[in-house]
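Enquirer: Starting off with a structure, shown below.
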Amino acid sequence: MEALPKQIASVADQVQEWVWDELWGRQAPTNWPVCPRHPDSHPMKATAQGAAGVWACPNDDAVINATTAAERIGLRALIVDALDGKAAAFYARHGFKPFTGKPLRLFHRL
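Residue numbers (the numbering used here): 1 to 110.
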């Protein structure tokens, strides 16, 4: 089984792919998350560093903590609020399930 930081980076990487798909479909820039040191060049990359999952600049190792919530509070699911039915369908295609009575609020168990 992968170590927790690698699992966190893997989930962040998948979320990044989903966001890129959504941005591409909206004909918006796909540079997400924006690298603070190179905002017009490339997005950050999800990676494991030490005991944390982080966003890092792929060019110079600048690091921004993405999340350590799973380690600190026992994160078990990712929850999203879709903007509309089309966005909810997008998340559903990626394994998210809607909350009962709230079709635009979806979750994905980790």
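Even glycine gets a Cβ: it sits at the ideal position worked out from N, Cα and C.
1. Excluding the five sequence neighbours on either side, which residues of its own chain have a C-beta within less than 7 Å of the C-beta of A51, listed in chain order?
2. Since F90 is in the alpha helix (DSSP H), which residue starts that stretch and which ends it?
3. Mind checking A12: buried by the 16 CB within 10 Å criterion, or exposed?
4. Reducing DSSP to helix, strand and coil, say where D40 ends up.
5. Tell me the DSSP secondary structure of Q16 in three-state form.
6. Which residue comes first and which comes last in the beta strand (DSSP E) that contains A53?
7. Give the C-beta separation of T47 and A9 to the nearest angstrom, bearing in mind that I take them to be a contact with Cβ-Cβ under 8 Å.
8. Determine the closest residue to V54 out of R37, P98, Q7, with distance taken between C-alpha atoms.
9. In whole angstroms, give me the CA-to-CA distance for A89 and P39.
Expert: Looking at the atomic coordinates:
1. P5
2. 85-93
3. buried
4. coil
5. helix
6. Residue identity differs from the one stated: residue 53 is Gly in this sequence, not Ala. Here the beta strand (DSSP E) through G53 covers 52-56.
7. 5 Å
8. Q7
9. 30 Å
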